[in-house]
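K.L.:
Let me begin by handing over the structure; questions about it come next.
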Amino acid sequence: MSAIGVADIDGLIGVEQYEEVGEFPVEQGYVWTTCSSVENGNPLFWDQAVADEITGGPIAPPTMVSVWFRPHHWAPGRTTQGLPLQVHFDLKEGLGLPEAVMSDNTIVFHEPVRPGDRLTTRQILRSVSDEKTTKLGTGRFWVIDVEYRNQRSELVAVESYTGFGYRRGDQS
Amino acid sequence: MSAAASSAASPASSANPSASAAPPPARLLHATVSVGDTLPELAYPVTATTVVLGALASRDWRPMHHDKDFAVERNGTRDIFLNTPNQAAWFERFVTDWTGPYGRLQRMTFRMLGSIFPGDTMVFRGVVTETGVDETGCGWVAIDISVSVDDDPKTTCKARVALPVTEDDNPWERKGDRWLP
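The listed protein sequences correspond, in order, to chains S and H.
Per the working numbering, the first sequence starts with residue 18, numbered consecutively.
Per the working numbering, the second sequence starts with residue 224, numbered consecutively.
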């Protein structure tokens, strides 16, 4: 884990970190399981002819993009598990801010994700605010982007998370 | 009646991907949408199955989404609750029930306000807040959506979705510098 401090923040802005390749290719079965879980009858996901006509073949629902990076519950030989959004936890630890909340989350969709795609993700710190005091405590807001690309390096989505790491009043 | 049956304009579908006897899918055109238009409301009775199915479909194995004892004792909630990634899938379904398959999501911003539990009836509502055509000729509409329980918003979502500007237009054909989400 990175040991960072306030002085290191500028050097981390815009830097791609924690590149990770998905454990498995995008799969059609999970597309149907997800559509079934929310009773999504969009024929793009169920009807090959419609998918061929509109999207040039089957695609996955755009909102599934993070699904392809959630690891199996168990895998042979695995002893540790990386934390999703590791940059967030690095900032908490490096800046000495024991508490944190995510205030909002934006996903921007680019190239469609298709069954068989193998996606890669990277985390990029975009900004860290000066110290601010809110009703939660005193700390800093930060914005972290998670970029997703396919095996052709085409951007498929960017998730942006706004976090607030803080110390409660009794932790000062 | 199921929520799927009570919601509007759910496109024809087949569980058999090789069968395609349905008529051509609807194409909601950009010019037919105005600021203030509302999306067909979707009400859905949430059960433990809804929550567990949604969590597993999104590969979220965390126990507060399938183990009631854990949720109550460790999270201090009254039951297991819908996870965020599956809520995103619900919001997507709500939008594309309205647009049909030519609607292509550009962006979504979520704000979590409260939890949704088994026994709740969640109600999705949406209103068009802005429409436009970008510099590449891509038509888009912005929508404010909420999912509420007893009129108490639990999650809000600001979405932007591209719609065809003509009968021949297909937003899915856009890529590179012709796709500005």
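Even for Gly, the Cβ is constructed at its ideal location relative to N, Cα and C.
Predicted, not measured: the structure shown is a model, and the values here were computed from it.
Which residues, taken in chain order from the region 109-130 of chain S, show a beta carbon closer than 9 Å to some beta carbon of chain H?
P.N.:
So the list reads M119, S120, D121, N122, T123, I124, V125, F126, H127, E128 and P129, given in the order they occur along the chain.
K.L.:
Looking at the unbroken alpha helix (DSSP H) that takes in S325(H), where does it start and where does it end?
P.N.:
Here residue 325(H) is taken as the residue at index 102 of the second sequence, counted from 1. Note on residue identity: the sequence assigns Tyr, not Ser, to residue 325(H). Note, Y325(H): premise wrong, no alpha helix (DSSP H); not H, not E.
K.L.:
Specify whether the region 284-292 of chain H and the region 395-402 of chain H touch according to this definition: at least 3 beta carbon pairs, one from each stretch, less than 8 Å apart.
P.N.:
Verdict: no, contact absent.
K.L.:
Residues in the region 162-175 of chain S with C-beta within 7 Å of chain H's C-beta atoms, listed in sequence order?
P.N.:
Taking 7 Å as the Cβ-Cβ cut-off against chain H, none of the residues of the region 162-175 of chain S qualify.
K.L.:
So, do the region 167-185 of chain S and the region 113-129 of chain S have three or more beta carbon pairs nearer to each other than 8 Å?
P.N.:
Flag = yes, the region 167-185 of chain S and the region 113-129 of chain S touch.
K.L.:
Enumerate in chain order the residues of its own chain whose CB-to-CB distance from T150(S) is below 7 Å, with the five nearest sequence positions on each side excluded.
P.N.:
Reading the first sequence from its first residue, position 133 is the one you call residue 150(S). Same-chain partners within the cutoff: there are none.
K.L.:
If I follow the unbroken alpha helix (DSSP H) through I303(H), where does it start and stop?
P.N.:
The residue labelled residue 303(H) in the question sits at position 80 within the second sequence. Segment: none, I303(H) is in no alpha helix (DSSP H) and carries neither H nor E.
K.L.:
Between the Cα of R135(S) and the Cα atoms of P79(S), G22(S), V23(S) and P42(S), which residue gives the shortest distance?
P.N.:
Position 118 of the first sequence, counting from 1, holds the residue named residue 135(S). Comparing Cα-Cα distances from R135(S) to each of P79(S), G22(S), V23(S) and P42(S), the minimum goes to P42(S).
K.L.:
Looking at chain S, is there any beta carbon in it that lies within less than 7 Å of the beta carbon of M345(H)?
P.N.:
Counting from 1 along the second sequence, the entry for residue 345(H) is found at position 122. No, M345(H) does not count as interfacial toward chain S.
K.L.:
To which residues does DSSP link T379(H) through a beta bridge?
P.N.:
On the second sequence, residue 379(H) is found 156 positions in, with the first residue counted as 1. Per DSSP, R334(H) and S369(H).
K.L.:
Measure the Cβ-Cβ separation of N194(S) and R383(H) and say whether it is below 7 Å.
P.N.:
Lying outside 18 to 189, the shown extent of chain S, residue 194(S) is not represented and no answer is given.
K.L.:
Is the CB of H105(S) under 7 Å away from at least one CB in chain H?
P.N.:
Walking along the first sequence from the start, residue 105(S) turns up at place 88. It does not: the Cβ of H105(S) has no partner Cβ on chain H nearer than 7 Å.
K.L.:
Can you pull the chain H neighbours of P93(S), defined as C-beta to C-beta under 7 Å?
P.N.:
Position 76 of the first sequence, counted from the start, is the residue given in the question as residue 93(S). In chain order: nothing, as chain H lies at least about 17 Å away.
K.L.:
Which same chain residues, not among the five before or five after A312(H), have their C-beta less than 8 Å away from its C-beta?
P.N.:
As a position in the second sequence, residue 312(H) is number 89, starting the count at 1. Counting only Cβ-Cβ distances below 8 Å, and skipping sequence neighbours, we find G277, A280 and S281.
K.L.:
Does any residue of chain H have a CB that is nearer than 7 Å to the CB of G31(S)?
P.N.:
Counted from its first residue, the first sequence places residue 31(S) at position 14. No, G31(S) does not count as interfacial toward chain H.
K.L.:
Output the distance between the C-alpha atoms of G362(H) and G355(H), rounded to the nearest integer angstrom.
P.N.:
Against the second sequence, residue 362(H) aligns to sequence position 139. Against the second sequence, residue 355(H) aligns to sequence position 132. Their Cα atoms are separated by approximately 6 Å.
K.L.:
Interface residues of chain S around M422(H) at Cβ under 9 Å?
P.N.:
With chain H covering 224 to 404 only, the question about residue 422(H) has no answer from this structure.
K.L.:
Taking a contact to mean a Cβ-Cβ separation below 7 Å, would you say V104(S) touches I26(S) in this structure?
P.N.:
The residue labelled residue 104(S) in the question sits at position 87 within the first sequence. The residue labelled residue 26(S) in the question sits at position 9 within the first sequence. No; because the gap between Cβ atoms is not below 7 Å, this pair is not in contact.
K.L.:
Need the endpoints of the alpha helix (DSSP H) that A68(S) sits in, please.
P.N.:
As a working mapping, residue 68(S) is identified with position 51 in the first sequence. That run of the alpha helix (DSSP H) goes Q65 to T72.
K.L.:
Run through DSSP, which three-state label would N239(H) get?
P.N.:
Residue mapping note: residue 239(H) aligns to position 16 of the second sequence, counting from 1. Low per-residue confidence applies at N239(H): pLDDT is 48, beneath 50, and the placement is therefore not dependable, though the value from the model is reported in the following sentence. Residue state, collapsed to three classes: coil.
K.L.:
Closer than 7 Å, CB to CB, is R184(S) near chain H or not?
P.N.:
By one-based count along the first sequence, residue 184(S) stands at place 167. So no, R184(S) is outside the interface.
K.L.:
To be precise: take each residue of the region 45-58 of chain S, compare its Cβ to all Cβ atoms of chain H, and keep it if any distance is under 9 Å. Which residues remain?
P.N.:
Listed by position along the chain: Q45, Y47, W49, T50, T51, C52, S53, S54, V55, E56, N57 and G58.
K.L.:
Roughly how many angstroms separate the alpha carbons of D343(H) and R169(S), rounded to a whole number?
P.N.:
By one-based count along the second sequence, residue 343(H) stands at place 120. By one-based count along the first sequence, residue 169(S) stands at place 152. Computed Cα separation, rounded: 43 Å.
K.L.:
In the DSSP assignment, find the unbroken alpha helix (DSSP H) run with S53(S) in it and report its ends.
P.N.:
Within the first sequence, the letter at position 36 stands for residue 53(S). S53(S) -> alpha helix (DSSP H) spans Q45 to S54.
K.L.:
Whose C-alpha, out of G113(S), F158(S) and I141(S), is nearest the C-alpha of D121(S)?
P.N.:
Against the first sequence, residue 121(S) aligns to sequence position 104. If we check each option's Cα against that of D121(S), F158(S) comes out closest.
K.L.:
Looking at the unbroken beta strand (DSSP E) that takes in G355(H), where does it start and where does it end?
P.N.:
Here residue 355(H) corresponds to residue number 132 of the second sequence, with the count starting at 1. T344 to V356 is the extent of the beta strand (DSSP E) around G355(H).
K.L.:
Please work out which residues of its chain come closer than 7 Å, Cβ to Cβ, to P308(H), disregarding the five sequence neighbours upstream and downstream, and give them in chain order.
P.N.:
Indexing the second sequence from 1 puts residue 308(H) at position 85. Around P308(H): S281 and D283.
K.L.:
Cα-Cα, which of D260(H), R250(H) and V351(H) is closest to K381(H)?
P.N.:
The sequence position of residue 381(H) within the second sequence is 158, counting from 1. If we check each option's Cα against that of K381(H), V351(H) comes out closest.
K.L.:
Starting from G111(S), trace the alpha helix (DSSP H) in both directions and tell me its first and last residue.
P.N.:
For the purposes of this step, residue 111(S) is taken as residue 94 along the first sequence, with counting starting at 1. That run of the alpha helix (DSSP H) goes Q103 to G111.
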